[in-house]
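Okay, structure first, notes after.
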Amino acid sequence: MRTYEGNVTMVLQVNGEEREVVVRPADTLLRVIREKIGLRGTKIGCENGDCGACTVHINGVAAKSCMVLAVEVEGDEITTIEGMTNEVLKEAFIAEGGFQCGYCTSGFLMNAAALLSAEPKPDGITDDELRVRLESNLCRCTGYEGIERAVKRAARGG
Amino acid sequence: MESRFGRKPEVIHFDVVYYRPESVAEAVAAFEEARERGLDPLYLAGGTEITTFSRQGKIRPGALIDLKKIPECNLLDTRGEELVLGAALPLNRVIEAGVFPLLSQTAACIADYTTRNRLSLGGNIAGRLPYREAVLPFLACDARFVFAGPNGTRTVDCEEAFAEHLRAQAGEFLLQILVENRYLTSPFFHRRRERGGRIDYPLVTLVLLRTGREIRCAVSGLCSAPRRIGEIEALLSDRTRPAGERAAAAIDAFPVAIRSDFRASADYRRHLFGLALDEGLHALEEW
Numbered sequence: 104m105r106t107y108e109g110n111v112t113m114v115l116q117v118n119g120e121e122r123e124v125v126v127r128p129a130d131t132l133l134r135v136i137r138e139k140i141g142l143r144g145t146k147i148g149c150e151n152g153d154c155g156a157c158t159v160h161i162n163g164v165a166a167k168s169c170m171v172l173a174v175e176v177e178g179d180e181i182t183t184i185e186g187m188t189n190e191v192l193k194e195a196f197i198a199e200g201g202f203q204c205g206y207c208t209s210g211f212l213m214n215a216a217a218l219l220s221a222e223p224k225p226d227g228i229t230d231d232e233l234r235v236r237l238e239s240n241l242c243r244c245t246g247y248e249g250i251e252r253a254v255k256r257a258a259r260g261g
Numbered sequence: 305m306e307s308r309f310g311r312k313p314e315v316i317h318f319d320v321v322y323y324r325p326e327s328v329a330e331a332v333a334a335f336e337e338a339r340e341r342g343l344d345p346l347y348l349a350g351g352t353e354i355t356t357f358s359r360q361g362k363i364r365p366g367a368l369i370d371l372k373k374i375p376e377c378n379l380l381d382t383r384g385e386e387l388v389l390g391a392a393l394p395l396n397r398v399i400e401a402g403v404f405p406l407l408s409q410t411a412a413c414i415a416d417y418t419t420r421n422r423l424s425l426g427g428n429i430a431g432r433l434p435y436r437e438a439v440l441p442f443l444a445c446d447a448r449f450v451f452a453g454p455n456g457t458r459t460v461d462c463e464e465a466f467a468e469h470l471r472a473q474a475g476e477f478l479l480q481i482l483v484e485n486r487y488l489t490s491p492f493f494h495r496r497r498e499r500g501g502r503i504d505y506p507l508v509t510l511v512l513l514r515t516g517r518e519i520r521c522a523v524s525g526l527c528s529a530p531r532r533i534g535e536i537e538a539l540l541s542d543r544t545r546p547a548g549e550r551a552a553a554a555i556d557a558f559p560v561a562i563r564s565d566f567r568a569s570a571d572y573r574r575h576l577f578g579l580a581l582d583e584g585l586h587a588l589e590e591w
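Chains as they are written, first to last, in my numbering: chain A, 104 to 261; chain B, 305 to 591.
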């Protein structure tokens, strides 16, 4: 059984690299990614699990990093926006105007990338499926239409 | 370093001791050790509520015992005549497995998709929010809850295990939930009403389950805690009367105080409950 107390040194797998960090067991993954590892693309929003700006992948599954303790994911594969490689999706966000201020964009991209990588979408993505997935993230600029178009475009292959 | 809001950058301001057991025995031993140290331990599975409540200062556990690596807590399997659901299963795993459609439909309305990738079945049921909708299907189908603790495991009927809140004894945690296979395909109705959109707490969530001639009823949001409303089930099941009449009689006979708060008045909740009951009874007629 692993037990962590006080300041502990541990290794996290982030974007395919081993990153040694010193954390408190109460540190959230969000804060560790940003403040200990220095990857600032994962955004601090509500820190309450509501906005999705902090979305990362844990073993390929989208998760809100503000609701996860860093110690919980020791041994798991963490992917942040810096390590997200779906270029078709990124291009689709640009082509469809899927962002304005851009603060929420990394969270939306990570959420959408998990959706698109989970299974091939040769026939595109249904409105219902997209609605359920994108409900996890908040945007206060775009009105969501550009984001939805972008994800659908990427699902069709760009 | 202080932020411009005057708080330290660490979002959870107090220290915790974190245990990651790999067996039930290790988890129980960790709890006991933490308790002896005066650490006020909590069991953790998905951790979504514990993390956010800790940040908000609503809870202050001194130790967290993470159940995710315990194989029995992640079981999703049929054993004999029962479905076994590990309490640490993320809600989306249960939903996407699709083995218990009423549970899938109920759980799919809890929180949002990404949160459900972490939020656990047991965590929702054991949580501190008043809604805990994941328990409704289990209340309706007389599921049994398996607790693990210092005295081994014990299996308890759902209505005893969950009365207003999860009735775990000192040092115990919810290990598994057992559902008889015959309920997995029983006709059901689920309706959820919110105030401000789907990602919101429910004003009313109604679950009806038909088993033989009997219609069972469980609700969340309507009262102070989720509960089965056994007192009105005879009225709901009386098929000598039309569905609308049964719904009206059940509302008149509703035995518990209906919640009234800033989200909705008791009258409005009662109205929504009546509409859902009427719809549900008609739907079960046609199933």
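For every residue, glycine included, the Cβ atom is placed at its ideal position computed from N, Cα and C. In this text the structure is predicted, and so the values were computed from the model without any measurement.
Item                                                                                                             : Value
Pairwise C-alpha distance: residue 247 (chain A) and residue 409 (chain B)                                       : 26 Å
Cβ-based neighbour list, residue 258 (chain A), same chain, cut-off 7 Å, excluding 5 preceding and 5 following   : 219, 224, 227 and 228
C-alpha gap between residue 178 (chain A) and residue 318 (chain B), whole angstroms                             : 25 Å
Proximity winner among B:451, B:380, B:360 and B:495, relative to residue 525 (chain B) (alpha-carbon distances) : B:495
Spatially closest choice to residue 389 (chain B) from B:449, B:434 and B:366, by CA coordinates                 : B:449
Residue 227 (chain A): contacting residues in chain B (beta-carbon distance under 8 Å)                           : The premise fails here: residue 227 (chain A) is roughly 19 Å from chain B at the closest Cβ pair, so nothing lies under 8 Å.
Three-state secondary structure (DSSP) of residue 173 (chain A)                                                  : helix
Length at least 4, wholly inside the segment 432-458 of chain B: the alpha helix (DSSP H) runs in chain order    : 440-444
Closer than 7 Å to chain B by CB, residue 152 (chain A)                                                          : yes
Under 8 Å by beta carbon: chain A residues contacting residue 419 (chain B)                                      : 152, 167, 170 and 239
Cβ-Cβ distance between residue 493 (chain B) and residue 588 (chain B) below 7 Å                                 : yes
Contact set between residue 164 (chain A) and chain B, taken where Cβ atoms lie within less than 8 Å             : 421
Residue 520 (chain B) and residue 513 (chain B) closer than 7 Å at C-beta                                        : yes
Interface partners of residue 155 (chain A) on chain B, CB under 7 Å                                             : 418
Residue-chain proximity (residue 235 (chain A), chain B), Cβ-Cβ < 7 Å                                            : yes
Distance between beta carbons of residue 353 (chain B) and residue 453 (chain B), contact taken as under 8 Å     : So it is not a contact: roughly 21 Å between Cβ atoms.
Close beta carbons around residue 121 (chain A), own chain, < 8 Å, minus the five adjacent residues each side    : 114 and 115
Residue 167 (chain A), DSSP secondary structure in three states                                                  : strand
Selection of the segment 503-514 of chain B by Cβ proximity to chain A, strictly under 7 Å                       : 503
Contact list for the segment 308-342 of chain B against chain A, Cβ threshold 7 Å                                : 313, 314, 315, 316, 318, 319, 320, 321, 322, 323, 324, 325, 326, 330 and 334
Test item: CB-CB of residue 185 (chain A) and residue 142 (chain A) under 7 Å                                    : yes
Min CB distance residue 108 (chain A) to chain B below 7 Å                                                       : yes
Members of the segment 199-217 of chain A near chain B, C-beta cut-off 7 Å                                       : 214
Test: residue 254 (chain A) CB closer than 7 Å to a CB of chain B                                                : no
Identity of the residue in B:406, B:461, B:556 and B:480 nearest residue 424 (chain B) by Cα                     : B:480
Start and end residues, beta strand (DSSP E) containing residue 126 (chain A)                                    : 120-126
Beta carbon of residue 416 (chain B) nearer than 7 Å to that of residue 239 (chain A)                            : yes
Proximity winner among B:571, B:499, B:583 and B:568, relative to residue 546 (chain B) (alpha-carbon distances) : B:583
Backbone secondary structure at residue 505 (chain B) - three-state DSSP                                         : coil
Span of the alpha helix (DSSP H), counted from its first residue to its last, around residue 586 (chain B)       : 570-590
Proximal residues of chain A, C-beta to C-beta of residue 352 (chain B) below 9 Å                                : 152, 167, 170 and 171
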